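Accompanying notes for the structure given below.
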Amino acid sequence: MLPYEPPTNRAGERQLALTRASREILQRRLGDVVRICAAHSPAAAAAFEREVGEAHDELLSTHSDDDFGQASELTASRLTLMGDDDLELDIRMRSLGGRLREVGGRALSRCQSRYLTLLGWSAINEGDEPLGPEVICLGLWALCREAARGLEEALTLLDRIEQRLLQQLPLIYGEIDDFLASQGVDAAPAERRQKADTGMATAPPPRNTASNGGTSSSALQEIIRQRTAGTPTAGSAPLTGDGSPQAGSPTLDTAALVMLNHLLARLAALEARTPAADPLAAHAANSSAPRSQDLDLPAGRPEAIVIDTMALIFDAIFESDELPDAIRAALGSLQIPMLKVAIIDPALLADEAHPARVLLNRLGHAALGLARSAPSSHPLCERLSRLAVTARTALGRQPVDLDAPLADLAELIDERERTIRVAAEPYVQMVRTHDNRRYASQLASTWLRTSLARTRSADIAAFLETYWLQVMISAAAGESPHGERWQRHSRTADDLIWSVLPKQGPDERKRLAGMASSLLRRIGEGLDEIGVATAERKPFLDRLFDLQTAALRNQPAATPATAETPAAPSANTFANRLADGTGNGSQLLASDGRQVRYLGNTVGERTAQKAAAASWQVGEWLRFSLPDAGPLCGLCCWQDPAGATVLLFNPDWSWAVATHRSVVARQMATGEARIVSRIGLFDAAAERALRRLSGG
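Structure follows, in structure tokens:
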């Protein structure tokens with residue numbers, strides 16, 4: 003029985019009804035799981051369902067095809083500034099969210115694909131799905147706030163819920179998918195392609211958010227119209243098989259027909275001077291684009307304006323300092339064929355989706371990441387040169403059919419970027435390991451701060467900071483903050499602090515005498531885990547014996563610091579020692595001959611949350627800078643579940659770059675970084691041509 007029967011077929015009401023019904027399935031089925039695990043608190047289960055529904059609706063209402071990272075903003079808006087306990091709970095929640103996404107798998111993808119169709123969206127970013135794990139995690143936050151009185155209760159509650167969620171979530175998504183299918187909602191074409199072996203989502207086809215090709219196209223068309231004073235172009239004339247205008251065309255007078263035939267013949271002669279099989283020679287011959295005056299065209303003719311405009315566009319392409327010579331050569335071989343198309347079909351300058359225009363944009367996209375010095379023998383340069391030869395042949399036929407070269411370019415782009423992401427996997431694992439230890443260091447620093455506040459002994463405080471902090475980091479990185487090792491080592495530290503406090507009565511002295519040997523054994527086990535030599539630990543153990551002896555005699559466990567007694571470390575002291583371990587600042591990660599240049603976050607928490615919502619995503623190319631290097635161009639191959647750290651890779655590098663989004667966000671704000679996969683080669687050149695035509 004369907005949970006909700008849509009009452010209307012009108013588009014807007016039907017969308018609302020179906021999304022509401024899908025939301026109710028999600029709320030009710032998840033609520034069933036939560037009520038079993040939190041039976042003592044019906045109010046908490048209700049808060050969970052309410053939060054899931056509100057988050058779902060908010061992501062629906064704020065969606066924009068041009069804005070990504072909304073889930074990060076939504077999370078930041080719903081959670082207050084975190085305290086120490088919340089930091090640990092947040093890390094646990096992020097980990098759970100990642101596992102929920104993995105187990106959701108294809109069922110989640112199908113649901114979201116049907117949502118794209120139902121709502122008419124062109125794309126949806128991983129993390130912004132109204133039915134996604136991030137929405138569930140927001141519900142779990144509400145549950146923990148309502149049902150748990152502290153961190154330990156919250157972690158225990160999540161442990162109880164997790165296994166049931168992992169078991170039930172694919173079934174819940176399957177039910178939603180079946181419901182939408184039964185209502186005739188088809189799956190959308192794959193905008194987000196799922197990588198089978200890693201689950202990484204790739205970016206949708208490039209959107210011209212940076213170059214705004216549609217705006218430049220309409221502006222170019224308007225300038226041409228103004229300069230030609232409305233004189234008709236040859237573009238409306240029917241063509242013969244060889245591309246020349248048909249005689250007797252009512253749209254052309256005799257003089258215009260003769261001129262156009264003469265023009266096309268001149269262009270054909272120019273094109274014939276350089277064989278298509280020699281693109282490097284083509285580049286040399288065409289590096290200076292022909293102007294109307296070179297072809298003896300009367301000033302003011304539409305064809306003359308089109309030729310001069312196309313010349314400016316190709317000049318702008320060749321001026322780019324980002325293209326290797328071999329790619330310039332491939333583009334140069336297409337210059338005159340493109341010019342002939344523009345004369346015959348002026349829509350090339352007016353329509354950003356024109357196949358010939360898309361051809362140049364895809365050639366530019368396929369070359370992203372190539373070094374300026376890449377030789378013509380580079381495998382990618384060779385392949386693109388061959389594709390340019392095929393495209394040149396297609397441009398010379400009538401009617402022009404670019405379906406085959408466009409499909410070949412799309413396949414090349416997809417294959418190359420998929421290969422790069424696979425090659426980046428070892429570097430991704432290095433960053434995951436590093437980030438895991440960084441989070442462990444943050445948790446351990448919180449633990450240390452709490453422990454130092456409870457001890458009055460400078461010796462114990464120094465030991466905790468120097469040695470036991472590393473034991474706790476190792477425990478958190480190896481398991482989790484609620485794992486057995488963490489709990490055991492935390493209890494050992496608690497017992498150590500208590501053992502040197504003055505003992506007021508026989509029961510306390512008896513307890514200390516009974517635990518002394520086991521405490522020494524547990525301390526030894528922890529120090530063994532971090533590789534502390536016997537000789538190095540002996541001075542502290544000798545001092546510990548003296549402190550415990552004094553405690554048994556009800557004497558003070560510590561005296562004010564002297565030259566012989568170490569002072570208790572301050573918060574700034576251990577914060578500075580943790581600076582490298584927490585991953586802030588630049589670092590070089592190395593493993594098995596591989597290196598990752600890691601740029602950590604150096605901004606505040608609120609700024610970091612805002613940067614995490616930045617709009618680039620996995621599968622997009624970024625041009626950016628490193629402090630000790632010039633401009634680089636790399637593919638975004640991975641981002642952590644929280645969306646804060648991204649990994650950029652280029653197979654021509656001997657390393658990878660991992661950086662906090664805030665680092666790149668600052669560069670974007672100053673113009674040092676760009677999402678170059680969203681900038682079409684032809685579109686960007688057309689904008690520069692437009693500025694020159696407008697006197698800018």
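For the sequence shown, our numbering assigns the number 3 to the initial residue and increments by one for each residue that follows.
For each residue, glycine too, the CB sits at the ideal point set by N, CA and C.
Model, not experiment: these values are computed from the prediction.
Distance CB(residue i)-CB(residue j) smaller than 8 Å
| i | j | result |
| --- | --- | --- |
| Leu110 | Gly134 | yes |
| Ser63 | Phe181 | no |
| Leu522 | Leu549 | no |
| Arg625 | Ala675 | yes |
| Leu32 | Ile174 | yes |
| Leu408 | Pro357 | yes |
| Ile329 | Leu411 | no |
| Leu121 | Gly366 | no |
| Ile475 | Arg439 | yes |
| Val137 | Leu20 | no |
| Val308 | Val402 | no |
| Asp685 | Gly371 | no |
Neighbourhood of residue i by C-beta, 6 Å cutoff - its chain only, sequence neighbours within 5 removed
| i | result |
| --- | --- |
| Leu314 | Ala691, Arg694 |
| Arg456 | Ile499 |
| Leu454 | Ala463 |
| Arg22 | none |
Status (buried if at least 16 other CB within 10 Å, exposed otherwise) for residue i
| i | result |
| --- | --- |
| Thr311 | buried |
| Ala478 | buried |
| Pro381 | exposed |
| Ala592 | exposed |
| Arg680 | buried |
| Ser2 | What the structure shows of the chain is the stretch from 3 to 698, and residue 2 is not part of that stretch, so it cannot be assessed. |
| Ile38 | exposed |
| Pro44 | exposed |
| Ser443 | buried |
| Asn556 | exposed |
| Ser124 | exposed |
| Arg493 | exposed |
| Gly507 | exposed |
| Ala406 | exposed |
| Gly673 | exposed |
| Leu601 | buried |
| Arg103 | buried |
| Lys540 | exposed |
| Ser74 | Reliability fails at Ser74, whose pLDDT of 46 lies under 50, so the model's placement of it is uncertain and no value is given. |
| Phe547 | exposed |
| Pro377 | exposed |
Counterpart residues of residue i in DSSP-defined beta bridges
| i | result |
| --- | --- |
| Tyr600 | Gln589, Ala660 |
| Gly636 | Leu624 |
| Val648 | Gln641, Thr661 |
| Ile677 | Leu624 |
Spatial distance of residue i from residue j (CA atoms)
| i | j | result |
| --- | --- | --- |
| Leu445 | Leu98 | 17 Å |
| Met670 | Glu531 | 44 Å |
| Arg303 | Ser696 | 19 Å |
| Leu47 | Asp34 | Note on residue identity: the sequence assigns Ala, not Leu, to residue 47. The alpha-carbon atoms of Ala47 and Asp34 are separated by roughly 9 Å. |
| Thr421 | Glu384 | 18 Å |
| Ala660 | Leu650 | 6 Å |
| Thr435 | His662 | 15 Å |
| Glu56 | Pro132 | 10 Å |
| His491 | Gly526 | 11 Å |
| Asn652 | Leu325 | 15 Å |
| Leu327 | Ser664 | According to the sequence provided, residue 327 is Asp. The question's Leu does not apply to it. Each residue's alpha carbon lies about 34 Å from the other. |
| Ala518 | Leu167 | 44 Å |
| Leu18 | Asp59 | 10 Å |
| Leu153 | Asp630 | 43 Å |
| Asp497 | Pro633 | 54 Å |
| Arg112 | Gln489 | 41 Å |
| Ser520 | Trp449 | 22 Å |
| Asn127 | Cys639 | 15 Å |
| Gln431 | Asp509 | 51 Å |
| Leu404 | Glu26 | 47 Å |
| Gly485 | Leu529 | 18 Å |
| Arg708 | Gly176 | This structure gives no information on residue 708, because the portion of the chain shown stretches from 3 to 698. |
Other residues of its chain near residue i: CB distance less than 8 Å, five sequence neighbours each side excluded
| i | result |
| --- | --- |
| Ala390 | Pro281, Ala332, Leu333, Ser335, Leu336, Leu365 |
Neighbourhood of residue i by C-beta, 7 Å cutoff - its chain only, sequence neighbours within 5 removed
| i | result |
| --- | --- |
| Ile319 | Leu333, Leu683, Ala687 |
| Gln641 | Val620, Thr647, Val648 |
| Tyr429 | Arg596, Val598, Leu649, Phe651, Ala658 |
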